[in-house]
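Below: the structure, in structure tokens.
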Amino acid sequence: MGVIYFFIIITTLVFVHELGHFIFARIFGVQVLEFAIGIGPMIFGFRKGGVLYRFNIFPIGGYVRLAGEDPHGEENLPEDRLFYRKPPWQKIMISSAGPLFSILAGYLAFIFAVAVWGYSPVVVDRVEDGSPAFRAGIKRDDIILDVNGKRIFEISDFVEMVRKNDELRVGILRNGRRMELNVKPALIPAEVELVVEGKGEIPSGKLIGVNDLPLDTNGDEIYKVLSSLVDQKVSLKFENGEIEGVLRRVDFTPPRKAVGIYFRILSPVIQKSSEPFKSGDRVIKIGPWDVKDGVDLSRIFTLFSCDVDEGFILRLSGGKVYYSMVLETDRKYSVEVLRNGEKLVLDFDYKTLKRYLTKELLFSTGIDRMKPGLFRSLIVGIAMTNNFLGKMGRILGSLITGRTGLNNFVGPVGLVSVIGNV
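Last residue of the sequence shown: 421 in numbering that gives the first Met the number 0, with the numbers rising by one and none dropped.
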């Protein structure tokens with residue numbers, strides 16, 4: 000079915016693109032010889048008004064053939080019907096009409112989608128206690144509308160505004176009421192996330208030594224030291240506790256400005272039934288871990304995605320343990336769910352639970368789509384398209400200049416692992 004959708008979309012895009020060339024050629028009096036959808040031998044066609052409309056066997060691509068595109072052609076037509084005889088500005092308009100129609104179609108598609116289906120807003124899932132967002136009064140379930148007058152359509156829009164500005168005027172929607180709050184981002188220290196394969200008690204406090212060597216708690220130094228020890232046995236000494244094992248992964252996040260918000264990407268609510276889960280079940284606990292929101296769920300996802308038999312995930316902020324989790328694959332895991340107000344306990348072995356958590360798309364996003372109404376759909380659709388085109392331009396520019404590599408892009412699993420603390 001996906002292949003059919005692909006060809007339908009491609010055919011529609013090609014039709015709109017070629018329609019632009021066709022319409023402007025007719026406006027300026029150029030004779031159109033062929034309007035073709037697809038490439039290769041013709042399946043069927045018909046002629047009308049001197050134009051051969053044809054549908055070709057391979058539904059990828061298409062073209063409009065104009066009289067006079069080849070100055071040495073032999074079309075038996077008046078010269079004012081030939082493309083190469085037209086003024087330069089008309090030839091430019093005809094040639095650029097295809098891309099312009101494609102862009103216009105993008106705007107119309109966004110406007111139509113917003114009007115019919117609405118769009119997914121940026122929703123706060125958790126606010127860190129004591130953070131700038133907490134002090135400003137931002138709460139869970141608040142919808143971020145705009146920052147300093149700029150519409151926010153994606154999490155990355157908010158991240159960019161935090162990075163660029165020292166003071167934020169955040170427009171939010173809470174219980175149907177718009178509010179504006181002032182937030183001042185704070186600089187947070189470098190963070191390092193470790194995956195260690197091994198056994199032991201969960202440590203706490205600062206990391207003070209690696210392999211019996213003292214270590215400064217600076218995040219850059221921790222990363223430099225540990226990144227050279229991946230897939231090697233290590234001993235990590237903390238203020239409270241010590242662990243030994245094989246270091247499997249080290250991820251580094253440099254110091255950055257943040258306000259202490261986690262945005263919603265997942266919710267702990269089951270969206271589709273898959274035995275023993277039922278649609279509408281709310282997961283409240285997995286093994287020893289309480290599940291209050293999508294942040295807890297995403298951390299458990301990350302833990303179960305680690306390719307280790309048993310081990311730890313440790314996240315250090317400023318060299319100090321920020322959160323930690325331990326994975327044991329030789330034990331049973333109980334999952335507590337609320338179903339119709341009643342608590343149920345479901346038991347799994349490690350492999351079965353991992354399959355549910357990492358491979359089956361069980362969980363809903365927990366985000367209700369916003370439908371802004373017909374007139375607002377026009378405004379929002381145009382703004383969303385402008386936002387999308389701007390990002391595409393920046394991404395392509397970064398790829399061309401080498402500032403961004405393909406390895407900087409992540410798929411759905413990677414997205415879960417970086418659910419944003421902004």
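Glycine is no exception: its CB is placed at the ideal position from the N, C-alpha and C atoms. Predicted, not measured: the structure shown is a model, and the values here were computed from it.
Query                                                                                                                  : Result
CB contact below 8 Å: MET391 versus chain D                                                                            : Among the chains of the structure shown, chain D does not appear; only one protein chain is present.
Under the three-state DSSP convention, the category SER94 falls into                                                   : helix
Residues of its chain near ILE56, where Cβ-Cβ distance is below 6 Å and the 5 sequence neighbours each way are ignored : GLY39, PRO40, ILE42
C-alpha distance - LYS422 paired with LYS319, whole-angstrom precision                                                 : The requested residue 422 is not part of the displayed model; the chain covers only 0 to 421.
Residues bridged to SER297 [DSSP beta-bridge criterion]                                                                : SER297 is not bridged to any residue.
For VAL290, the three-state DSSP class (helix, strand or coil)                                                         : coil
Rounded separation between LEU81 and VAL121 - CA only                                                                  : 53 Å
Element boundaries [beta strand (DSSP E), containing LYS284]                                                           : 281-285
The alpha helix (DSSP H) enclosing TYR349, as first and last residue numbers                                           : 349-357
Cβ distance (whole Å) where LEU193 is taken to contact ARG248 below 8 Å                                                : 7 Å
Complete runs of the beta strand (DSSP E) confined to the stretch 157-217 [at least 3 residues]                        : 167-173, 176-182, 185-187, 190-196, 203-209
Own chain residues within Cβ distance below 7 Å of ASN210, not counting five before or after                           : VAL233, SER234
Meets three-Cβ-pair contact criterion under 8 Å: the stretch 364-372 and the stretch 109-124                           : yes
Minimum C-alpha distance to ALA104 - residue among ILE8, ASP141, PHE262, VAL158                                        : ILE8
Beta-carbon gap between PRO18 and GLU33 smaller than 8 Å                                                               : A quick correction: the sequence has Leu, not Pro, at residue 18. No, Cβ-Cβ distance for LEU18 and GLU33 is not below 8 Å.
Residue range of the unbroken alpha helix (DSSP H) whose run includes PRO131                                           : 131-135
CB-CB length for PRO267 against ASP306, believed under 8 Å                                                             : With a Cβ gap of about 24 Å, PRO267 and ASP306 do not count as contacting.
For LYS390, the nearest candidate out of GLY49, THR10, LYS47, GLU153 (CA to CA)                                        : GLU153
Pair within 8 Å by beta-carbon distance, LEU180 and VAL195                                                             : no
Cα-Cα separation, GLY44 to LEU12                                                                                       : 20 Å
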